[in-house]
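Q:
There are 2 protein chains.
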Amino acid sequence: MPGQTKQMAGGDQNGAVSQRVAGYLREAILSGEIVPGERIRQEDVAARFGTSRLPVREALRILEAEGLTEHHMHKGARVPRLDRHEVDVIYQMRERLEPLALAESLPHLGEEQFRRLEDIQARIEANTDIAEFLALDREFHLLTYAGCPIEHLSSMVVRLWNSTQHYRRTFMNLSGPARRWVVNAEHRLILDAVERRDAVDAERYLSGHIRRTRIELSRHPEAFEGGRV
Amino acid sequence: MPGQTKQMAGGDQNGAVSQRVAGYLREAILSGEIVPGERIRQEDVAARFGTSRLPVREALRILEAEGLTEHHMHKGARVPRLDRHEVDVIYQMRERLEPLALAESLPHLGEEQFRRLEDIQARIEANTDIAEFLALDREFHLLTYAGCPIEHLSSMVVRLWNSTQHYRRTFMNLSGPARRWVVNAEHRLILDAVERRDAVDAERYLSGHIRRTRIELSRHPEAFEGGRV
DNA sequence: ATGCGCCTTATTGGATCCAATACACCGTAC
DNA sequence: GTACGGTGTATTGGATCCAATAAGGCGCAT
Chain A
1 MPGQTKQMAG GDQNGAVSQR VAGYLREAIL SGEIVPGERI RQEDVAARFG
51 TSRLPVREAL RILEAEGLTE HHMHKGARVP RLDRHEVDVI YQMRERLEPL
101 ALAESLPHLG EEQFRRLEDI QARIEANTDI AEFLALDREF HLLTYAGCPI
151 EHLSSMVVRL WNSTQHYRRT FMNLSGPARR WVVNAEHRLI LDAVERRDAV
201 DAERYLSGHI RRTRIELSRH PEAFEGGRV
Chain B
230 MPGQTKQMAG GDQNGAVSQR VAGYLREAIL SGEIVPGERI RQEDVAARFG
280 TSRLPVREAL RILEAEGLTE HHMHKGARVP RLDRHEVDVI YQMRERLEPL
330 ALAESLPHLG EEQFRRLEDI QARIEANTDI AEFLALDREF HLLTYAGCPI
380 EHLSSMVVRL WNSTQHYRRT FMNLSGPARR WVVNAEHRLI LDAVERRDAV
430 DAERYLSGHI RRTRIELSRH PEAFEGGRV
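From first to last, the protein sequence lines are chains A and B.
Taking my numbering, the leading residue of the first sequence gets 1, the next gets one more, and so forth.
Taking my numbering, the leading residue of the second sequence gets 230, the next gets one more, and so forth.
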């Protein structure tokens, strides 16, 4: 499971167009270009790709099953809004699943990944831009899971990340840089345990890291008010 | 989240036909009518429903995103085979997520659900048929999660159950009834904790129950050999 | 001025058809 | 008799079109 968001459906390939459309929409939702509550019109997306509505419809089915859109008969697709408790529980799901993904990944990571993780973390520490931080943070974590051979687990982890991406961004925009040192310290502890191939330590640091983020996020109810259309 | 398998996609409704087709295929896969490795031809399914291929294609996209089918460009859909380690990890995922679903569900369960759970467990104890046991066992567990208000968590739990259903059935067919008393004892302990609304006990008993099943299942490599087409 | 009902338009669901791709079978050659 | 290549068929991906549904706007009445 590479650092970049990969198509997560079970097969490696549906129709090329529907996969590309699904990928585009997934990225648009994750980047905030399409915000919670916003409708997605099949005709608009089809026009943007110079394609017919059919691959767009298939793409929307995929995203719906991934939890990134919700559908109502004859009403079209919309990006769902999550409330604070829903996001809190999704973070608890991450708290429980990601350490398992990390443990499954560790045996399959090598020096090449360790070097890339060191580089990413150094760039996180040097960074001052929120959007870049979000991208690097995601890349850091997903790369530690990249060695996990279980597609079900990998795809669920990515799905949980995708579901909460909007709220992570909103939360980061609300917070100042004051807590960056905590994130960096935790990342360094995780990275150290990964390089030592100490699954017990790595799982514990990671679980604590996600839990701390979850609790900080839940202290910002205003992160759940935006995105209204 | 009712005991019956419910359509799990984010929206409550796509086109009625594609939802019905997805539901039918899901049931066919869960019941073993379509086994791992078997191909699913769009034309065959369309003919069975007296419909065109389009809702069938949409249904297949949904199932693929649920992990129940895998797809290759121009090759059609197939139910994937899982190996012993993949099933083992999926059970570990269940071990971690289902206690969370149970904890989220508990505050919303009432006397009506408790009565139904008692009835289901009594029928499990009186039962001697494997297929019926599988159905009742699933109904028992999913009913304890029925009060969980977080759709992401509920749908992931059902998805994990669906992914391993074939191997549970194969395993039950291989085992004798000798271990039934263990299942019943664990169910009774879970039920007692649920009725006392003791989330800590309920989570612990449930986690142990799933873990024991996982370990017993992993001791039967022959459960992973069947289903070859 | 506001509310309700009706009509029209926008959007989606499904059918049909055509193009493309993959696989299987048959024929020929060695 | 076996292997390889070519062709045809089966199946899927996407385009187009029609039917159905929902929502919004407009007009009329109170």
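Note that the Cβ used here is the ideal one computed from N, Cα and C, for glycine as well.
Measuring only between beta-carbons, confirm whether Ile439 (chain B) sits less than 8 Å from chain A.
A: no
Q: Are Pro531 (chain B) and Glu333 (chain B) close, meaning C-beta to C-beta below 8 Å?
A: This structure cannot settle anything about residue 531 (chain B), because the visible part of chain B is limited to 230 through 458.
Q: Throw me the rounded Cβ distance for the Phe224 (chain A) and Asp83 (chain A) pair, which I believe falls under 8 Å.
A: 6 Å
Q: Answer with buried or exposed for His71 (chain A), where buried requires no fewer than 16 other C-beta atoms within 10 angstroms of its C-beta.
A: buried
Q: With 16 as the cutoff for other CB atoms within 10 Å, does Asn243 (chain B) come out buried or exposed?
A: When all chains shown are included, Asn243 (chain B) counts as buried.
Q: Using a Cβ-Cβ cutoff of 7 Å, what residues of the segment 90–105 of chain A are near chain B? List them in chain order.
A: Ile90, Gln92, Met93, Arg96, Leu97, Leu100, Glu104
Q: What does DSSP give as the partner residues of Arg268 (chain B) in its beta bridges?
A: Partner(s): B:Arg307.
Q: Quick one: does Met73 (chain A) have its CB under 8 Å from some CB of chain B?
A: yes
Q: Cutting at 6 Å between CB atoms, please list the residues of its own chain near Pro80 (chain A), excluding the five before and the five after it.
A: Only Glu70 meet the Cβ criterion.
Q: Between Ala294 (chain B) and chain A, is any beta-carbon pair separated by less than 8 Å?
A: yes
Q: By the criterion of Cβ-Cβ separation under 9 Å, what are the contact partners of Leu30 (chain A) in chain B?
A: The premise fails here: Leu30 (chain A) is roughly 16 Å from chain B at the closest Cβ pair, so nothing lies under 9 Å.
Q: In whole angstroms, give me the CA-to-CA distance for Glu203 (chain A) and Arg96 (chain A).
A: 10 Å
Q: Could you tell me the distance, in whole angstroms, from the CA atom of Asn184 (chain A) to the CA atom of Ser207 (chain A)?
A: 15 Å
Q: Are three or more beta carbon pairs between the segment 158–171 of chain A and the segment 102–119 of chain A nearer than 8 Å?
A: no
Q: Starting from the C-beta of Arg197 (chain A), find all residues in its chain whose C-beta is less than 7 Å away, skip the five residues before and the five after it, and write them out in chain order.
A: Leu106
Q: Tell me the start and end of each unbroken beta strand (DSSP E) in the segment 309–348 of chain B that is at least 3 residues and wholly inside, in chain order.
A: Runs found: none.
Q: Residues of the segment 380–411 of chain B with a CB closer than 9 Å to any CB of chain A: list them in chain order, please.
A: Glu380, His381, Leu382, Ser384, Met385, Arg388, Leu389, Ser392
Q: Please report whether the beta-carbon of Arg266 (chain B) lies at a distance below 8 Å from any beta-carbon of chain A.
A: It should be pointed out that residue 266 (chain B) corresponds to Gly in this sequence rather than to Arg. No, Gly266 (chain B) does not count as interfacial toward chain A.
Q: Assuming Tyr374 (chain B) contacts Leu420 (chain B) under a Cβ cut-off of 8 Å, what Cβ separation, rounded to an integer in Å, is found between them?
A: Tyr374 (chain B) to Leu420 (chain B), Cβ: 13 Å. No contact.
Q: Thinking C-alpha only, which one of B:Arg277, B:Leu283, B:Asn402, B:Leu371 is nearest Gly261 (chain B)?
A: Looking from the CA of Gly261 (chain B), the closest CA among B:Arg277, B:Leu283, B:Asn402, B:Leu371 belongs to B:Asn402.
Q: Run through DSSP, which three-state label would Glu225 (chain A) get?
A: coil
Q: How many Å lie between Pro36 (chain A) and Val250 (chain B) at the Cα?
A: 29 Å
Q: Should Ser163 (chain A) go down as buried or exposed, given a rule of 16 or more other Cβ atoms within 10 Å for buried?
A: buried
Q: Grab the span of the beta strand (DSSP E) containing His300 (chain B) for me, first residue to last.
A: His300 (chain B) -> beta strand (DSSP E) spans 299–301.
Q: Would you say Gly15 (chain A) lies against chain B (beta-carbon separation less than 8 Å)?
A: yes
Q: List the residues of chain A whose Cβ lies closer than 7 Å to the Cβ of Glu287 (chain B), in chain order.
A: Arg57, Glu58, Arg61
Q: Could you tell me whether the Cβ of Glu445 (chain B) comes closer than 8 Å to any Cβ of chain A?
A: no
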